[in-house]
Amino acid sequence: MSQLTCRELSLGYEGKEIISNLSFHVNAGDYLCIVGENGSGKSTLMKTILGLRKPMKGEIITGDGLRSREIGYLPQQTVVQKDFPASVKEIVLSGFQGRCGLRPFYTKAGKRIAMDNIRKMGIEDLKNRCYRELSGGQQQRVLLARALCATKKMLLLDEPVAGLDPIVTADMYSLIESLNKNEGITIIMISHDISAALKYATHILHISDELFFGTRRQFEESKAGKRLSVLMGGEF
Amino acid sequence: MEEMFSRLAVFFQMPFVRYAFIVGILIALCASLLGVTLVLKRFSFIGDGLSHVAFGAMAVAAVVGLTNNMFIVMPITIISAVLLLRTGTNTRIKGDAAVAMISVGALAFGYLLMNKFPTSANVSGDVCTTLFGSTSIITLKEEDVWFCAVLSLVVVLAFIFFYNKIFSVTFDENFARATGTRVSVYNLIIAIIIAVIIVIGMSLVGSLLISALIIFPALSAMRVFKSFKSVTVCSACLSVFCAAIGILVSILANTPVGATIVIADIAVFGIFTLIGGFRSGFKS
């Protein structure tokens, strides 16, 4: 049984379909990259997977021990967060909120796990710093630590390297790779960066007029993959 | 100096002034709590909008002739708050436009009612009191004072209970929703708390000045402090401090209570902006 199965999904706004009849599945330990042009519906798909909006048709099924609210999520930065006065610790701890139910405060165990995740992301020395004063790469690590508090199984990353410089981007990718390889966390990543997608991913979902879903190897053989490879100068 | 203290002593011998002082401080405490959330959600003006709704509702209550107008004012304000905060990002009319519409609409409606169906001889005095608060602390009504005291305690307790949830929902609504927090429920709770704060705050500073009580302490604290908890605690302390100073000054100088408190808030904001500026100046 796959962790996440999307069956014949149709997505869109106000009655207009932008993606139709999309089916794919993600197994435990997979690293899926969702690529496609701006406006192709990547973000809409992501919101649907997270349960923030309903598909027009089709269904999303979680299985293999994954519940639908257990997907950790690394969002793109919002305007609100740019001047939010919050310490790193407070933000990471808020990853547990979904599991708290009505309980007003976080548990000791939760605080310990939050500290573990902060350490894992290598931002222990920043734990009392103010989020808005950190660099872009550091902020992403904070949000990643928060996402890890919400899940142990699956992470959904929305353009995790947008706006980062090349060195920090490489760090971020290797951090994500180690989460996938060493912690066994399933990764679903939305990306513009096809070369990175082809370097790290096990599976590719390409959204354009023609939908493609398959392993990285299959994508490289496919028509869309070949066309992209020409665009990039053939460096696979 | 001596004259000052004896004047204060005379006032504080009246038990009613003591109650009013305590209630003023409680209201200030409540008003400051949700300031950070409102400023960050870009809803600084919701206080204004809602208080004008409450003003309209008060006019209706006065015309109908209710002895305790809270039975009309509170539900109407709460419903408006829920509608306003629910608009969010997906509606045709954006948050700020919706607030502006409701606010001026209710203001015009209320003023018209009060003029057309005067319940007392002094219409302009009544309007002035509801807009700017009581002119002196001894003109606060006793039943208002008790009503405010009870509601303030409820608001403070609710805020402490929902503190972590309010943080999550304000910081990242989508993340909270995706990981299973019932965001709409907590947004509803935030809206209700705001409405309650505005209605109880109006009796102290009036409907035109209540926004100041809500946002100034939060803005001041955000100049200097860096974590959500420290900003919240600091803005609560600042608000209480300014309310106390404002009420004392208003007794001594015989100035309107609400306006004096707001002036104190503005002064503190100026000081904190300077401190914040110096701090970041040292760093860079």
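Those protein sequences? They're chains S and L, same order as listed. Residue numbering for the first sequence follows the numbering used here, beginning at 60 and increasing consecutively. Residue numbering for the second sequence follows the numbering used here, beginning at -4 and increasing consecutively. Where is the CB? At the ideal position from N, CA and C, for every residue including glycine.
By DSSP's assignment, M105/S forms no beta bridge with any residue. Check the Cα spacing between V77/L and each of F223/L, L108/L, L45/L and E(-2)/L: the tightest is with L45/L. If you draw a straight line from the Cα of G98/S to the Cα of F127/L, it is about 50 Å long.
If you check the CB distance, G131/S and L185/S do not come in under 8 Å. Interface with chain S (8 Å Cβ-Cβ cutoff): D167/L is included. A direct Cα-to-Cα measurement between D224/S and R188/S gives close to 22 Å. About 5 Å separates the beta carbons of M109/L and A54/L, which is inside the 8 Å limit, making them a contact pair.
By the neighbour-count definition (other C-beta atoms within 10 Å, threshold 16), K36/L is a buried residue. The shortest CA-to-CA distance from M213/S to any of R158/S, G88/S and Q156/S is the one to G88/S.
Beta-carbon to beta-carbon, F104/L and G19/L are separated by about 29 Å, too far to satisfy the 8 Å threshold.
Classified as exposed, F0/L has fewer than 16 neighbouring CB atoms from the shown chains inside 10 Å of its CB. Non-local beta-carbon contacts of S27/L in its own chain, meaning distances under 6 Å to residues more than five positions away in sequence, involve P212, S230, A231 and S234 in chain order.
Contact between I247/S and L238/S is ruled out by a C-beta separation of about 12 Å, above the 8 Å threshold. Against chain S, a Cβ distance below 8 Å from A153/L picks out nothing, because the smallest value is about 10 Å. For I244/S, not one C-beta of chain L is nearer than 8 Å to its own C-beta.
Assignment of N97/S by DSSP, reduced to helix, strand and coil, places it in the coil class.
The C-beta of V151/S comes no closer than 8 Å to any C-beta of chain L. Looking only at V252/L, I22/L, I71/L and V226/L, the smallest Cα-Cα distance to F267/L is reached by V226/L. M60/S counts as exposed, since fewer than 16 other beta carbons sit within 10 angstroms of its beta carbon. For a Cβ distance threshold of 9 Å, nothing in chain L lies close to C65/S: the least Cβ distance comes to about 16 Å. As the crow flies, the alpha-carbon of Y181/L is around 37 Å from that of F273/L. Assignment of R177/L by DSSP, reduced to helix, strand and coil, places it in the coil class.
In the three-state DSSP reduction, N169/L falls in the helix class (H, G or I). In terms of CA proximity to T64/S, L125/S leads the group I150/S, R276/S and L125/S. Among the CB atoms of chain S, one or more fall inside 8 Å of the CB of A171/L. In the DSSP assignment, K116/S is bridged to S69/S. Of the residues assessed, M231/S falls on the buried side of the cut-off, its CB having 16 or more other CB atoms within 10 angstroms.
With a cutoff of 8 Å on beta-carbon distance, S69/S and S79/S are scored as near each other. Scanning chain L for C-beta atoms nearer than 8 Å to the C-beta of Y132/S yields N169, F170, A173 and T174, reported in chain order.
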